[in-house]
Amino acid sequence: MALDVKIRAKRYEKLDFLGEGQFATVYKARDKLTDTIVAIKKIKVGHKTEAKDGVNRTALREIKLLQELHHPNIIGLLDAFGHKSNISLVFDYMETDLEVIIKDTSLVLTPANIKAYILMTLQGLEYMHQHWVLHRDLKPNNLLLDGNGVLKLADFGLAKAFGSPNRIYTHQVVTRWYRSPELLFGAKMYGVG
232 MALDVKIRAK RYEKLDFLGE GQFATVYKAR DKLTDTIVAI KKIKVGHKTE AKDGVNRTAL
292 REIKLLQELH HPNIIGLLDA FGHKSNISLV FDYMETDLEV IIKDTSLVLT PANIKAYILM
352 TLQGLEYMHQ HWVLHRDLKP NNLLLDGNGV LKLADFGLAK AFGSPNRIYT HQVVTRWYRS
412 PELLFGAKMY GVG
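Spelled out as structure tokens, the structure:
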């Protein structure tokens with residue numbers, strides 16, 4: 232088992248640092264076995280008071296949900312393994328995120344681009360909801376784009392499976408600036424349009 236983990240860890244060659252969050256660091260890497268470019272999210276293993284058996288619960292949830300969700304507009308989880316004091320999640324490599332595109336003043340988004348991004352987001356969400364999963368952290372930097380312009384939902388650390396439509400979930404999960412108006416203002420009705 233320990234040998235398998237070492238082999239899996241050596242399978243990926245780090246190429247570049249992509250970013251860092253509160254609990255994880257993301258690298259661009261090359262899969263030596265398939266010679267493809269991937270993204271590796273290294274999650275720091277939590278302290279025992281915040282993690283069951285020393286494993287970060289959000290990492291476990293993200294792994295479990297992504298192993299079950301397979302859709303063109305949802306990031307693909309290719310591999311997951313523990314190594315040293317980290318859990319490594321290997322994903323499809325994506326060129327950029329929607330936040331970078333929105334902030335780039337040299338880019339002009341056409342109505343067709345905007346409609347395509349909205350459609351791909353809604354198709355990913357529809358698939359998730361059909362499989363009883365709530366993302367709970369939708370924002371532009373969690374909407375990733377590959378080199379062909381295909382948008383994929385990413386970062387499932389706050390996602391949750393739900394079984395009962397009558398169960399009440401907290402509305403204070405999403406990053407505040409990206410909360411929908413019905414959550415911010417307490418409206419009872421909402422919809423796509």
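In terms of this note's numbering, the sequence shown opens at residue 232 and continues consecutively.
We treat Cβ as the ideally placed atom computed from N, Cα and C, and that holds for glycine.
When the Cα atoms are used, Phe312 and Lys383 turn out to be separated by approximately 22 angstroms. Look at the region 295-323 and you find no whole run of alpha helix (DSSP H) that is 4 residues long or longer.
Leu369: not part of any beta strand (DSSP E); DSSP gives it neither H nor E. Ile349 and Leu329 have their C-alpha atoms roughly 11 angstroms apart. The Cβ atoms of Lys273 and Thr289 lie no closer than 8 angstroms to each other.
Put simply, the backbone Cα of Asp335 is about 21 angstroms away from that of Tyr324.
The shortest C-alpha to C-alpha distance from Asp247 to any of Ala240, Phe254 and Lys259 is the one to Lys259. The Cβ atoms of Phe393 and Leu356 lie no closer than 8 angstroms to each other. Across the structure, Ser319 and Gln361 are spaced so that their CA atoms are roughly 28 angstroms apart. When only Cα atoms are considered, Gly388 and Val381 end up about 22 angstroms apart.
By a beta-carbon distance limit of 8 angstroms, Gln354 contacts Asn304. Their separation comes to about 5 angstroms.
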